[in-house]
Structures are given as C-alpha cells and as structure tokens.
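Chains as they are written, first to last, in this note's numbering: chain A, 651 to 885; chain B, 14 to 274.
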C-alpha cells in the first residue's frame with residue numbers, strides 16, 4: 651500500500667476551505683418561477699450521512715445544473731466552473747449515478763482502476779495494490795475479471811460504488827444505491843463506504859425515491875423533497 | 014416550387030449543421046488533447062495500443078487479400094491490353110497510378126471504415142445510451158480524451174500502416190501477374206521505380222493521416238450524437254459510415270486536384 655495518504659492529484663484554487671461539502675441554495679429541479687416557495691436550501695455537514703428522498707433524485711452535480719438556484723460543493727458553485735476545471739474538481743467527489751455507469755467493455759477490476767489510473771500520480775504497482783484493496787473490501791474477488799454484463803446486479807452495484815470510492819473522496823454521492831438490492835446487501839454496502847482510509851467519517855449523500863427500513867437506521871438525517879420544497883424527516 | 018426549394022434548403026442546412034458540429038467536435042478534441050495530463054497520457058496510450066491492435070493488426074489479412082486480388086485484376090487486364098499494342102512498359106505506370114496512388118488508399122480506408130468505423134460509431138453510441146459518458150465525466154475523465162483521442166490517433170496510424178501493407182502486397186502480386194507474361198523481377202522493378210517518386214510517399218502519408226482522421230472523427234461524432242436511445246444506434250452507425258465514405262471520396266478528388274495542379 652502507498653505511504654502517501656491521498657491518491658488524488660491536487661486540484662488547486664477551487665473551493666473554499668472550511669465550506670460545507672455540499673450546499674443547495676434556492677434550488678429547484680423544476681421550472682417553477684411562479685412558485686418561489688418551492689425552491690429549497692439545504693446544507694450537508696462534513697462527516698455526516700444524509701438521505702434526500704423524493705422524485706427529483708438525480709443531481710449530476712455540475713453537468714446538469716438545476717433550472718434555479720445553485721449547488722455548492724466545498725464552497726464552489728460547481729455548475730459555473732469551466733469544463734476542464736469541473737472535471738478536475740469532480741475527482742474530489744465520488745459519484746454513483748442511477749444504475750451503475752460501469753464501462754461495458756472493461757471488466758470490473760479495470761472499471762475500479764480507471765479513476766485511479768487517470769487521476770493519480772501513483773506508480774502502477776501502487777494503483778494495482780489499491781484496486782486489489784478495494785476489490786477485497788467489497789468482496790469482489792470472484793467477480794473482478796467479469797465484465798458488467800456477466801456480473802450479477804449486486805456485483806455491478808458493488809463494483810460501481812467501489813469505483814466511486816477508489817480515490818477515497820471526502821464526499822460521496824449515491825443515487826438510488828439500494829435499488830434491486832436485498833436489505834442486507836444495501837446495509838452492507840452503506841457500511842463499507844462510511845469511513846475514509848484515514849479513519850475519518852466520509853460525507854455521504856444518498857438520493858432515492860424511498861429508503862428501506864434496513865438502511866434507515868444508518869442514515870441519521872433524512873430530507874424529503876415534496877413538490878420542490880425540502881422537509882426534514884422521512885415521514 | 015416553394016416546397017422543392019424548401020426541401021433543398023432544409024437538406025443543405027442539415028449538411029451545414031453536420032459540418033459545423035463536426036468542426037466544433039474536432040476543436041473540442043484538440044482543446045482536450047492540449048490539456049492532457051501525464052496520467053491521462055498513460056491511459057490514452059493504453060487505449061491507443063488496443064485500437065491499433067483492433068484496427069491495424071487484425072485487418073492485415075483482409076487488406077493483403079484484397080490488395081492481392083485488386084492487383085491481380087488490374088495487372089492481368091492491363092497486361093493483356095498493353096501486350097496487344099506492345100506497351101508493356103506502361104504497366105508500371107498503371108500499378109503506381111491506379112493501384113498505389115489511388116485505389117490502394119481508397120480501398121484501405123474503405124476496409125477500415127467497414128471494420129473499425131462501424132465499431133467506433135456503435136461503441137460510442139452505446140457509451141452514450143448506457144450512461145458511460147456521464148460516468149466518465151463524473152470520474153473527472155474527459156470522454157474526448159478517453160474515448161475519441163485514442164481512436165483518432167489509432168485510426169490515423171492504422172490507415173497509414175495498412176496503406177503500406179496494401180502497397181507492398183500489390184507490388185508483389187503485380188510482379189507475380191507480370192511474370193506470367195515473361196517479365197523478369199529486374200525489368201518489373203525498373204518499370205515500377207521509374208514511375209514511383211518521392212511525391213507518392215508524401216501523398217500516401219497525407220492520405221493515411223486525412224483518411225484515418227476522417228474515419229475516426231466522423232464515426233465518433235455520429236456515435237456520440239445519439240440522444241434518443243438504443244434504437245438510434247444503428248442509424249448513427251449508418252450516418253457515420255456513409256458520411257465517412259463520402260468524405261473519403263471527396264478528399265481523394267481533392268488530392269488529385271491539388272497534386273496535378
């Protein structure tokens with residue numbers, strides 16, 4: 651394993667020190683100029699797990715800006731960044747999109763290794779060691795050489811989440827991570843990603859249409875988006 | 014009359030829009046390549062090696078076969094006709110002008126379009142439909158660098174190398190044909206070398222670069238332009254292949270105009 655703490659190439663000059671990992675300011679995911687009360691504010695504090703449930707659960711942070719308001723990631727208005735800087739900045743956050751987004755022509759091992767190869771200045775051996783570390787942590791040893799189409803849905807989801815945390819990001823955004831998984835598998839998946847390599851809790855934001863009873867106890871804060879307004883609590 | 018003019022205008026506007034889109038696509042690729050990091054270069058190199066394996070190495074057999082057959086067809090017909098009028102020495106001109114200068118690059122590019130152009134367009138369209146482009150961007154990877162750049166470089170290198178293979182096989186095959194008329198290898202070499210010039214080497218290199226770039230750029234552009242879903246994938250492949258074939262023929266004609274002017 652590498653002696654260096656971070657696998658990530660540094661991204662200079664973007665973001666604000668001490669800013670919350672994720673903040674929504676006057677955001678609306680619907681064109682609702684006539685209903686300004688349906689714009690919501692939400693701040694996600696560092697090291698916490700937050701569930702955002704409701705119909706609008708795909709944020710795509712930066713690539714698909716909301717019709718109104720702005721989303722700040724580590725204090726940076728991510729949608730306003732030039733494309734090249736946005737790409738560099740995006741490596742600071744892990745992201746699981748709806749489905750899994752695995753590259754079909756690569757096996758699961760290569761999928762997990764891709765962000766490490768691209769955004770790390772580590773030696774090939776160090777990258778390979780980190781990939782094996784993540785594969786072992788996610789119990790994918792038996793499936794690592796399969797392509798996504800040959801793997802089960804649970805293996806694919808595990809591989810996609812493993813890829814999202816390969817660079818050990820401070821902020822992890824999981825879109826509908828438990829869809830198609832058993833309660834046990836969903837709970838196990840969430841437990842796997844909670845901690846960073848240095849033992850600090852990771853900031854995790856989970857978006858879903860609904861959360862199952864098995865994972866709800868692991869998510870201290872749940873915010874429901876109701877017709878565009880944010881309501882604390884899942885009731 | 015208005016309807017006809019409108020239809021022509023619409024078609025023209027569509028073509029212009031495609032050319033404009035392709036120009037933007039190319040400029041964006043150049044911009045992405047200029048920002049390539051060291052780690053990005055290594056990943057690109059790995060994908061590039063794979064592309065050359067698929068596009069060039071695996072096509073050598075097909076290119077050699079078609080080159081040998083084309084050369085056989087052209088030389089056997091030419092030898093028969095030229096022999097009648099006692100102008101066998103003109104065979105070298107026919108080999109160089111018809112096979113090496115014109116048909117070789119054209120046929121090589123068409124082979125690459127049919128094998129790799131279709132694969133590139135289908136793969137890119139699938140990448141788009143399956144959400145893989147979003148996934149790459151989410152990982153901070155520019156899809157132009159990871160997907161398009163290695164394919165463009167791979168196609169340029171592959172088409173140029175396959176043209177050399179095509180020409181070499183055509184010359185050998187041409188000799189085998191010519192030898193049936195009693196021509197010696199020395200006589201054949203003299204005839205061919207008398208017609209070949211350094212200009213042919215430069216033209217072949219220029220055609221390799223431009224045809225290769227056309228195959229990968231046009232097919233990638235059409236593949237990535239898919240938005241509606243899986244049903245659009247075969248349409249994107251067709252648009253990519255047809256557009257590339259037209260572009261290659263137009264470029265061939267431009268090469269003739271430029272080099273004979």
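The beta-carbon is built from N, C-alpha and C at its ideal position, and this holds for glycine as well.
All of these numbers come straight from a predicted model, not from anything done at the bench.
From the options, residue whose alpha carbon lies closest to that of residue i
i	options	result
residue 233 (chain B)	B:206, B:122, B:161 and B:177	B:161
residue 914 (chain A)	A:775, A:716, A:814 and A:788	Since the first residue shown for chain A is 651 and the last is 885, residue 914 (chain A) is missing from the structure and cannot be characterised.
residue 882 (chain A)	A:690, A:803 and A:677	A:690
residue 877 (chain A)	A:677, A:830, A:672 and A:668	A:677
residue 745 (chain A)	B:153, B:69 and B:208	B:153
residue 102 (chain B)	B:14, B:200 and B:85	B:200
residue 215 (chain B)	B:39, B:177, B:197 and B:38	B:177
residue 68 (chain B)	B:174, B:270 and B:185	B:174
residue 799 (chain A)	A:747, A:831 and A:757	A:757
residue 796 (chain A)	A:759, A:670 and A:786	A:759
residue 670 (chain A)	A:762, A:763 and A:725	A:725
residue 39 (chain B)	B:157, B:202, B:188 and B:239	B:157
residue 751 (chain A)	B:81, B:148 and B:137	B:148
residue 179 (chain B)	B:85, B:33 and B:36	B:85
residue 851 (chain A)	A:753, A:867, A:818 and A:765	A:818
residue 72 (chain B)	B:251, B:128, B:169 and B:197	B:128
residue 189 (chain B)	B:42, B:47, B:28 and B:82	B:82
residue 867 (chain A)	A:821, A:732, A:833 and A:754	A:833
Spatial neighbours of residue i in its chain, beta-carbon cut-off 7 Å, leaving aside the 5 residues before and after
i	result
residue 257 (chain B)	126, 130, 227, 228, 231 and 232
residue 253 (chain B)	130, 134, 231, 232, 235 and 236
residue 164 (chain B)	64, 133, 229 and 233
residue 111 (chain B)	87
residue 79 (chain B)	120 and 124
residue 718 (chain A)	676, 677, 678 and 689
residue 21 (chain B)	none
residue 865 (chain A)	828, 836, 837 and 840
residue 77 (chain B)	178 and 182
residue 249 (chain B)	134, 138, 235, 236, 238 and 239
residue 204 (chain B)	102, 104 and 105
Start and end residues, beta strand (DSSP E) containing residue i
i	result
residue 724 (chain A)	Element bounds for residue 724 (chain A): n/a, residue is neither H nor E.
residue 678 (chain A)	672-678
residue 172 (chain B)	Taken as a continuous stretch (DSSP letters only), residue 172 (chain B) belongs to no beta strand (DSSP E), being part of the alpha helix (DSSP H) at 162-192.
residue 745 (chain A)	743-746
residue 879 (chain A)	879-882
residue 195 (chain B)	It is not in any beta strand (DSSP E) - residue 195 (chain B) carries neither H nor E in the DSSP assignment.
residue 858 (chain A)	853-858
residue 825 (chain A)	821-825
residue 145 (chain B)	Counting along the chain, residue 145 (chain B) falls outside any beta strand (DSSP E), though it belongs to the alpha helix (DSSP H) covering 145-151.
residue 213 (chain B)	No beta strand (DSSP E) contains residue 213 (chain B), which is instead part of the alpha helix (DSSP H) from 211-237.
residue 873 (chain A)	871-876
residue 38 (chain B)	Here residue 38 (chain B) belongs to no beta strand (DSSP E); instead the alpha helix (DSSP H) covers 15-47.
Residues near residue i by beta carbon distance below 6 Å, same chain, minus five either side
i	result
residue 268 (chain B)	none
residue 10 (chain B)	Nothing can be reported for residue 10 (chain B): it is not among the residues displayed for chain B, which extend from 14 to 274.
residue 224 (chain B)	122, 172 and 261
residue 743 (chain A)	819 and 821
residue 222 (chain B)	169
residue 667 (chain A)	none
residue 753 (chain A)	761
Residues of its chain near residue i, where Cβ-Cβ distance is below 8 Å and the 5 sequence neighbours each way are ignored
i	result
residue 789 (chain A)	808
residue 242 (chain B)	142
residue 871 (chain A)	698, 699, 700, 701 and 882
residue 259 (chain B)	none
residue 861 (chain A)	701, 703, 828, 869, 872 and 884
residue 273 (chain B)	none
residue 801 (chain A)	758, 793 and 809
residue 75 (chain B)	124 and 128
Element boundaries [alpha helix (DSSP H), containing residue i]
i	result
residue 805 (chain A)	803-815
residue 73 (chain B)	73-97
residue 119 (chain B)	117-125
residue 866 (chain A)	Looking at the DSSP string, residue 866 (chain A) is not in any alpha helix (DSSP H), and its letter there is neither H nor E.
residue 782 (chain A)	774-787
residue 792 (chain A)	From DSSP, residue 792 (chain A) is part of no alpha helix (DSSP H); its letter is neither H nor E.
**Item:** Proximal residues, the region 150-174 of chain B versus chain A, C-beta separation under 7 Å
**Value:** 150, 151, 152, 153, 154 and 155
**Asked** Are the region 809-819 of chain A and the region 730-739 of chain A in contact at 8 Å, needing three or more beta carbon pairs?
**Response** no
**Asked** With a cut-off of 8 Å, do at least 3 Cβ pairs link the region 187-197 of chain B to the region 774-787 of chain A?
**Response** no
**Message:** Beta carbons nearer than 9 Å to chain B: which residues of the region 712-745 of chain A have them?
**Reply:** 712, 713, 714, 733, 734, 736, 737, 738, 739, 740, 741, 742, 743, 744 and 745
**Message:** Below 8 Å, how does it come out for the region 51-62 of chain B and the region 767-774 of chain A: are there three or more Cβ pairs, yes or no?
**Reply:** yes
**Item:** Short-range partners of chain B found in the region 757-790 of chain A, where Cβ spacing is below 7 Å
**Value:** 764, 765, 767, 768, 769, 770 and 771
**Message:** Tell me which residues of the region 29-40 of chain B have at least one Cβ-Cβ distance to chain A shorter than 7 Å, keeping chain order.
**Reply:** none
**Item:** Positions along the region 49-61 of chain B whose CB lies within less than 9 Å of some CB in chain A
**Value:** 50, 51, 52, 53, 55, 56 and 59
**Request:** Using a Cβ-Cβ cut-off of less than 8 Å, list which residues of the region 121-146 of chain B approach chain A; keep chain order.
**Result:** 136, 139, 140, 143, 144 and 145
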